[in-house]
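Undergrad: Take a look at the following structure, please.
Residue numbers (this note's numbering): 3 to 768.
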């Protein structure tokens, strides 16, 4: 069905005239479109996610995609669970012949290679290593003494890996490695860098324009591979001297939403990817043709319900226990408060379109836990919602079922998605499931008799969060079936649009897959799922894809951005590398969450103001001293942090209060009640963040555009997004001097940032 590509240069006047005509017709049609009666909609998350085959072996679950017969690329064999063999090409296609549905899966050749980690010194000592490459489990990597150094064979992809030595049972830095990064707990980790395999890098491909049903892309070298898909079907790419063409199949006219994807690779490196939405067979050229079901357009706001706004004082019920410090008790926020702020237009003014609320399931009525590590001694209430004693009913202090229904209905009427923070890993010991079936929990003690609490990496799937919070043995099919049914209640009865999953890496994958299967069967809409996992990009990515969750929080990118934007004199070296790693592991059109902060991090503005130090315990600081309001630098850098999240692929997520640079240490000081009587400076920041969000909403290049990253100077970072004729440039300067960039003909102010766009309106400049 492919036509021969025309031979005239695609930027010739006659072809540009044709392009402009097609473009104008598309705009006119978009304004008066009548949907076909049998219109179909392919969610981007329904597209078969790429499978990466490293070396000669990888695991593959056919049912993650569709139940059927797997046909593999040449050179591979499959035993039902494990794929063996080697791939000849960088980019390949597998086919699953399903019962009534078949699809093609992108198969990529991985870039892992064998290296030797060498640690000189410590002769005669007991030396272990823990890091992101072994899930921070010091017993997972064997070190051997070679007479001069301790050595460990590792198989890793190019990138940076934080680690620490454990010498005679004590964590220490590697004295032979001067490269360190803060660990977030007042100390530091070393960094192991694995370089790439060499060879010329892929040439980035530009999506240029549409002509007579063909998507035109810029050209690439002959040795650069390219692969294209229409929805879940591989399609041909036509190469000519002027570039690449991909034709839109006629059947796309029957689809309200369909997709063209394009991948390229060269010398073991991927050259980015394209994801282009179609509407009834026409390329989407305006964000007004998109809606809240197009999750790439999401801008998320995370509200801790108890600390946001008190809309119904009659349900206030703080724990009546003098051992609970006021900042660890309920403060009255509720769902009615969120509904009132929705009605007042707060989220419209901020230009967010997705609300993520903290857990609202029933929590215990009394106090639990203990803080006794400095400052006040306090127990805690369950105001945060992470101690469920029910998984299927809302806590009476937050909402009645009727109030919750009303809020979600109002949110949807206002084109807002609503996500529920859901706790599957553990329950409170008062939960009926644990009361009736204590054997459904994992062991409270390890095999060697230690208390199995907070052993996050060593006992990842069994450790308890605290002595009163048993972890459920979700590897037991009976337990997984019951708990996944409980989660479905929030989709089928309350019409939530998705879940934020707590503690994802502590949840066995069988539960994640089971819940995803049930959600698909229960809902006609795509239910977005985002997880929470700390670890390497490889570990985080292992939970994301077809049959699993849609995304996770991009914590490694956040950590690098947090350091770059809060610390005086910081370069952008680490942030650039973290961004490049993110694009490699998650793709250029991922749905990962790019956070401004969260309930487990110190407030960004306080760190940027110098009121907190990276080398101190920010939780202790929050308990023991009053942290002042932000400085001017704190406000400016908060805007820069959000601008970065707007600039890069993924879903920007504002932690409540960051839109006004709310200050504080770590938990519970980062969970103050949200103030709505803004100062002039807070209002200025709110307005600036709202402008950034509005531009993200209105510019296609910031939702589905290509991403290129430049660092012409250690303190200067440039991010360029492009979609056809739209080009958006973000410039960040972390130095104390203005930077004139000759190649860009622009001066970036000292210790600040500006934004510049082409062909799509002008950002406000500072």
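Heads up, the beta-carbon is just placed ideally off N, CA and C, and yes, glycines get one too.
The structure displayed is predicted, hence computed values, not measured ones.
Grab the span of the alpha helix (DSSP H) containing residue 647 for me, first residue to last.
TA: First-last of the alpha helix (DSSP H) with residue 647: 634-649.
Undergrad: In three-state terms, what does DSSP make of residue 576?
TA: The answer is helix: DSSP assigns residue 576 an H, G or I state.
Undergrad: Which value, in whole angstroms, describes the spacing of the CA atoms of residue 461 and residue 119?
TA: The straight-line gap from Cα to Cα measures roughly 25 Å.
Undergrad: Secondary structure at residue 698, three-state DSSP: helix, strand or coil?
TA: Looking at residue 698 - three-state DSSP - the assignment turns out to be helix.
Undergrad: Three-state secondary structure (DSSP) at residue 107?
TA: It is a strand residue.
Undergrad: So is residue 116 buried or exposed if we call it buried at 16+ other beta carbons inside 10 Å?
TA: Exposed.
Undergrad: CA-CA distance, residue 463 and residue 383?
TA: If you take the alpha carbons of residue 463 and residue 383, they lie about 26 Å apart.
Undergrad: Starting from the Cα of residue 691, find the closest Cα among 459, 605, 653, 351 and give me that residue.
TA: For the residues 459, 605, 653, 351, the minimum Cα distance to residue 691 belongs to 351.
Undergrad: Which word fits residue 191, buried or exposed, when buried means at least 16 other C-beta atoms lie within 10 angstroms of its C-beta?
TA: Looking at its Cβ environment, which holds 16 or more other Cβ atoms inside 10 Å, residue 191 is buried.
Undergrad: What is the DSSP secondary structure of residue 29, counted as helix, strand or coil?
TA: At residue 29, the pLDDT of 32 sits below 50, so the modelled position is not reliable; the number obtained from the coordinates is stated separately. Here residue 29 sits in helix by DSSP.
Undergrad: With 16 other CB atoms within 10 Å as the buried threshold, where does residue 607 fall?
TA: With 16 or more Cβ atoms within 10 Å of its Cβ, residue 607 is classed as buried.
Undergrad: What did DSSP end up calling residue 38 once you bin it into helix, strand or coil?
TA: For residue 38, the predicted model reports a pLDDT of 44, less than 50, meaning its position is unreliable and no value from the coordinates is stated.
Undergrad: Compute the Euclidean distance between the alpha carbons of residue 324 and residue 659, then round it to the nearest angstrom.
TA: About 28 Å.
Undergrad: Looking only at C-alpha atoms, which of 179, 208, 148, 141 sits nearest to residue 709?
TA: It is 208.
Undergrad: If you draw a straight line from the C-alpha of residue 264 to the C-alpha of residue 248, how long is it?
TA: Rounded to whole angstroms, residue 264 to residue 248 spans 9 Å at the Cα level.
Undergrad: For a cutoff of 9 Å on Cβ pairs, would you count residue 233 as touching chain C?
TA: You won't find chain C in this structure, because it holds only one protein chain.
Undergrad: Is residue 280 helix, strand or coil when you go by DSSP?
TA: In the structure shown, residue 280 sits in a strand (DSSP, three-state: E or B).
Undergrad: Considering only residues of the same chain and omitting the five flanking positions on each side of residue 234, which have a CB-CB separation below 7 Å?
TA: Cβ within range, chain order: 49, 50, 105, 106.
Undergrad: Does residue 212 pass the burial test, meaning 16 or more other C-beta atoms within 10 Å, or should it be called exposed?
TA: Label assigned to residue 212: buried.
Undergrad: Taking one C-beta from the stretch 714-723 and one from the stretch 671-683 each time, how about it: are there three or more such pairs within less than 8 Å?
TA: The stretch 714-723 is not in contact with the stretch 671-683.
Undergrad: Over the uninterrupted beta strand (DSSP E) stretch that includes residue 725, give me the two end residues.
TA: Element bounds for residue 725: 718-725.
Undergrad: Considering only residues of the same chain and omitting the five flanking positions on each side of residue 245, which have a CB-CB separation below 8 Å?
TA: The answer, listed in chain order, is 12, 210, 218, 219, 220, 221.
Undergrad: Which one of 589, 695, 613 has the shortest CA to CA distance from residue 644?
TA: The option with the nearest alpha carbon to residue 644 is 695.
Undergrad: When the Cα atoms are used, what is the spatial distance from residue 141 to residue 166?
TA: Taking the straight line joining both Cα atoms gives about 13 Å.
Undergrad: Figure out for me which residue from 284, 273, 238, 276 has the closest Cα to the Cα of residue 260.
TA: Considering only alpha carbons, the answer is 284.
Undergrad: Pick from 78, 262, 124, 223: whose alpha carbon is nearest that of residue 45?
TA: Residue 45 has its Cα closest to that of 262, out of 78, 262, 124, 223.
Undergrad: Would you say residue 401 and residue 475 are within 9 Å of each other, going by their C-beta atoms?
TA: No, the pair does not count as a contact, with Cβ atoms beyond the cut-off.
Undergrad: Compare the C-alpha of residue 429 against each of 470, 157, 456 and name the closest.
TA: With distances taken between Cα atoms, residue 429 lies closest to 470.
Undergrad: Less than 9 Å between the C-beta atoms of residue 433 and residue 374, yes or no?
TA: No, the pair does not count as a contact, with Cβ atoms beyond the cut-off.
Undergrad: DSSP state of residue 86, grouped into three classes?
TA: Strand, per DSSP.
Undergrad: Can you name the residues that DSSP bridges to residue 80?
TA: DSSP lists 85 as partners of residue 80.
Undergrad: So what's residue 23 in DSSP terms, helix, strand or just coil?
TA: Model confidence at residue 23 stands at a pLDDT of 29, short of 50, so the residue's coordinates are unreliable; what they give is reported in the following sentence. Note: residue 23 maps to helix in three-state DSSP.
Undergrad: So is residue 600 buried or exposed if we call it buried at 16+ other beta carbons inside 10 Å?
TA: Residue 600 should be labelled buried.
Undergrad: Kindly identify the DSSP beta-bridge partner or partners of residue 213.
TA: 216, per the DSSP bridge assignment.
Undergrad: Would you kindly check if the distance between the Cβ of residue 307 and the Cβ of residue 275 is under 9 Å?
TA: No, these two residues do not count as a Cβ contact at 9 Å.
Undergrad: So what does DSSP say about residue 61, is it helix, strand or coil?
TA: Strand at residue 61.
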